[in-house]
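Following this note's numbering, the numbering of the sequence shown begins with 24 at its first residue and continues without gaps.
Notes for the one structure printed next.
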Amino acid sequence: MNTIDPKFTVLSRCTLCHQAIPSALEQVMMKVKQPCSEAQFVALTMDTWSDRRIRTFIAITMHTFAKNDDSFQNYLFTFQPLSGSHTGDNLRCQLEGAIANFNIEEKLVRIVTDNASNNLKAFDELVIPGFEVYFEPEDDEHDDETENDEREENDE
(Lines of atoms letter the chains of each structure in order from A; the text may use other names.)
(Lines give C-alpha, C1' and ligand atoms only; values in the text may rest on other atoms or scores of the structure.)
Protein backbone atom coordinates (compact mmCIF):
# COMPACT_ATOMS: atom_id res chain seq x y z
CA MET A 24 0.00 0.00 0.00
CA ASN A 25 2.92 2.31 0.65
CA THR A 26 3.78 2.22 -3.06
CA ILE A 27 0.22 3.07 -4.14
CA ASP A 28 -0.44 5.77 -1.54
CA PRO A 29 2.28 6.66 0.97
CA LYS A 30 -0.20 8.62 3.13
CA PHE A 31 -2.54 5.64 3.56
CA THR A 32 -2.24 3.66 6.77
CA VAL A 33 -3.71 0.20 7.08
CA LEU A 34 -5.79 -0.33 10.20
CA SER A 35 -4.80 -3.18 12.42
CA ARG A 36 -7.31 -5.95 13.08
CA CYS A 37 -7.62 -4.79 16.68
CA THR A 38 -8.32 -1.17 15.68
CA LEU A 39 -10.77 -2.28 13.02
CA CYS A 40 -12.69 -4.59 15.40
CA HIS A 41 -12.67 -2.40 18.50
CA GLN A 42 -12.90 1.12 17.07
CA ALA A 43 -13.70 1.49 13.38
CA ILE A 44 -16.58 -0.98 13.05
CA PRO A 45 -18.32 -0.03 16.34
CA SER A 46 -17.99 3.65 15.40
CA ALA A 47 -19.48 3.03 11.95
CA LEU A 48 -22.31 0.99 13.50
CA GLU A 49 -23.11 3.80 15.93
CA GLN A 50 -23.26 6.33 13.09
CA VAL A 51 -25.64 4.12 11.09
CA MET A 52 -27.83 3.50 14.15
CA MET A 53 -28.12 7.25 14.75
CA LYS A 54 -29.14 7.78 11.11
CA VAL A 55 -31.92 5.21 11.49
CA LYS A 56 -33.05 6.30 14.96
CA GLN A 57 -33.59 9.91 13.85
CA PRO A 58 -36.44 9.09 11.43
CA CYS A 59 -37.88 6.78 14.10
CA SER A 60 -38.12 9.65 16.55
CA GLU A 61 -39.59 11.99 13.91
CA ALA A 62 -42.15 9.53 12.52
CA GLN A 63 -45.76 9.78 13.56
CA PHE A 64 -46.63 6.23 12.47
CA VAL A 65 -44.51 3.26 11.40
CA ALA A 66 -45.18 -0.15 9.91
CA LEU A 67 -42.81 -3.10 10.10
CA THR A 68 -42.19 -6.05 7.83
CA MET A 69 -40.46 -9.17 9.06
CA ASP A 70 -39.18 -12.22 7.26
CA THR A 71 -37.12 -15.26 8.20
CA TRP A 72 -35.44 -17.76 5.94
CA SER A 73 -32.67 -20.31 5.80
CA ASP A 74 -29.74 -20.37 3.40
CA ARG A 75 -28.37 -23.44 1.66
CA ARG A 76 -26.35 -24.32 4.75
CA ILE A 77 -29.52 -24.25 6.88
CA ARG A 78 -28.49 -21.08 8.74
CA THR A 79 -31.56 -19.08 9.74
CA PHE A 80 -31.72 -15.29 9.33
CA ILE A 81 -34.22 -12.62 10.31
CA ALA A 82 -34.79 -9.24 8.68
CA ILE A 83 -37.01 -6.47 10.03
CA THR A 84 -37.67 -3.31 8.04
CA MET A 85 -39.49 -0.11 9.00
CA HIS A 86 -41.71 1.86 6.63
CA THR A 87 -42.83 5.42 7.32
CA PHE A 88 -43.36 8.82 5.73
CA ALA A 89 -40.59 11.41 6.01
CA LYS A 90 -41.45 14.34 8.24
CA ASN A 91 -40.22 17.08 5.92
CA ASP A 92 -41.61 16.03 2.51
CA ASP A 93 -44.02 13.12 3.12
CA SER A 94 -41.95 10.81 0.93
CA PHE A 95 -42.17 7.09 1.69
CA GLN A 96 -39.07 5.87 3.54
CA ASN A 97 -37.79 2.34 4.25
CA TYR A 98 -35.13 1.42 6.80
CA LEU A 99 -33.55 -1.92 7.58
CA PHE A 100 -33.78 -2.39 11.35
CA THR A 101 -32.09 -5.70 11.69
CA PHE A 102 -30.61 -8.37 9.50
CA GLN A 103 -28.92 -11.03 11.56
CA PRO A 104 -28.62 -14.73 12.19
CA LEU A 105 -31.51 -16.04 14.24
CA SER A 106 -30.14 -17.99 17.16
CA GLY A 107 -32.07 -21.08 18.13
CA SER A 108 -35.08 -22.35 16.26
CA HIS A 109 -37.47 -19.89 14.68
CA THR A 110 -40.40 -20.57 16.97
CA GLY A 111 -43.15 -18.04 17.53
CA ASP A 112 -41.72 -17.05 20.92
CA ASN A 113 -38.24 -16.49 19.50
CA LEU A 114 -39.59 -14.37 16.61
CA ARG A 115 -41.71 -12.27 18.96
CA CYS A 116 -38.69 -11.75 21.23
CA GLN A 117 -36.57 -10.57 18.27
CA LEU A 118 -39.28 -8.19 17.10
CA GLU A 119 -39.92 -6.79 20.58
CA GLY A 120 -36.18 -6.18 20.96
CA ALA A 121 -36.05 -4.23 17.70
CA ILE A 122 -39.15 -2.22 18.62
CA ALA A 123 -37.68 -1.32 22.01
CA ASN A 124 -34.22 -0.57 20.55
CA PHE A 125 -35.68 1.98 18.15
CA ASN A 126 -38.30 3.26 20.62
CA ILE A 127 -41.32 2.94 18.33
CA GLU A 128 -43.75 1.15 20.65
CA GLU A 129 -46.35 3.94 20.52
CA LYS A 130 -45.94 4.59 16.77
CA LEU A 131 -46.40 1.07 15.45
CA VAL A 132 -49.59 0.61 13.41
CA ARG A 133 -48.94 -2.55 11.37
CA ILE A 134 -46.70 -5.60 11.25
CA VAL A 135 -46.56 -7.51 7.98
CA THR A 136 -45.28 -11.10 7.78
CA ASP A 137 -45.98 -14.09 5.63
CA ASN A 138 -48.49 -16.62 6.92
CA ALA A 139 -45.99 -19.19 8.16
CA SER A 140 -47.28 -20.97 11.25
CA ASN A 141 -44.45 -19.63 13.43
CA ASN A 142 -45.41 -16.03 12.48
CA LEU A 143 -49.06 -16.70 13.24
CA LYS A 144 -48.09 -18.15 16.62
CA ALA A 145 -45.70 -15.26 17.37
CA PHE A 146 -48.39 -12.63 16.94
CA ASP A 147 -51.46 -14.57 18.01
CA GLU A 148 -51.80 -12.54 21.21
CA LEU A 149 -50.30 -9.27 19.94
CA VAL A 150 -52.69 -6.36 19.78
CA ILE A 151 -51.32 -3.04 18.56
CA PRO A 152 -52.57 -0.11 20.71
CA GLY A 153 -55.48 1.63 19.01
CA PHE A 154 -56.49 -1.47 17.03
CA GLU A 155 -58.08 -3.47 19.86
CA VAL A 156 -61.50 -3.31 18.20
CA TYR A 157 -60.23 -5.39 15.26
CA PHE A 158 -59.34 -8.25 17.58
CA GLU A 159 -62.64 -8.63 19.41
CA PRO A 160 -64.36 -12.01 18.95
CA GLU A 161 -67.61 -10.31 17.87
CA ASP A 162 -65.85 -8.96 14.79
CA ASP A 163 -64.97 -12.46 13.65
CA GLU A 164 -68.61 -13.53 13.97
CA HIS A 165 -69.75 -10.40 12.13
CA ASP A 166 -67.22 -11.01 9.34
CA ASP A 167 -68.59 -14.53 8.85
CA GLU A 168 -72.15 -13.17 8.64
CA THR A 169 -71.09 -10.50 6.14
CA GLU A 170 -69.32 -13.07 3.97
CA ASN A 171 -72.39 -15.34 4.05
CA ASP A 172 -74.66 -12.40 3.10
CA GLU A 173 -72.36 -11.52 0.19
CA ARG A 174 -72.31 -15.13 -1.01
CA GLU A 175 -76.11 -15.31 -0.89
CA GLU A 176 -76.38 -12.07 -2.90
CA ASN A 177 -73.95 -13.41 -5.51
CA ASP A 178 -75.88 -16.69 -5.77
CA GLU A 179 -79.13 -14.86 -6.58
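Idealized CB from N, CA, C, for every residue including glycine.
In the structure shown, what three-state DSSP assignment does V51 receive?
As a first step, residue 51 is located in the sequence shown; it is residue number 28 there, counting from the start. Of the three classes helix, strand and coil, the one that applies to V51 here is helix, per DSSP.
Mapping the DSSP letters down to three states, classify Q96 as helix, strand or coil.
As a first step, residue 96 must be located in the sequence shown, where it is residue number 73. Correct three-state label for Q96: strand.
According to DSSP, is A66 helix, strand or coil?
Residue mapping note: residue 66 aligns to position 43 of the sequence shown, counting from 1. In the structure shown, A66 sits in a strand (DSSP, three-state: E or B).
Which residues in the same chain as D70 place their Cβ atom closer than 8 Å to its Cβ, once the five residues preceding and following it in sequence are excluded?
By one-based count along the sequence shown, residue 70 stands at place 47. Excluding sequence neighbours, D70 sits near I81, A82, T136 and D137.
Report all residues from its chain with a CB closer than 7 Å to the CB of M24; omit the five preceding and five following residues, and keep chain order.
Along the sequence shown, read from residue 1 onward, the residue named residue 24 stands at position 1. Excluding sequence neighbours, M24 sits near F31 and V33.
What does the Cβ neighbour count give for M142, buried or exposed, with the cut at 16 atoms within 10 Å?
For the purposes of this step, residue 142 is taken as the residue at position 119 of the sequence shown. According to the sequence shown, residue 142 is Asn rather than Met. Looking at its Cβ environment, which holds 16 or more other Cβ atoms inside 10 Å, N142 is buried.
Could you tell me whether the segment 45-59 touches the segment 118-130, using the rule of 3 or more Cβ pairs below 8 Å?
The segment 45-59 vs the segment 118-130: in contact.
Determine the burial state of L114: buried for a count of at least 16 other Cβ atoms within 10 Å of its Cβ, exposed for fewer.
For this step, residue 114 is matched to residue 91 along the sequence shown. By the neighbour-count rule (16 or more Cβ atoms within 10 Å), L114 is buried.
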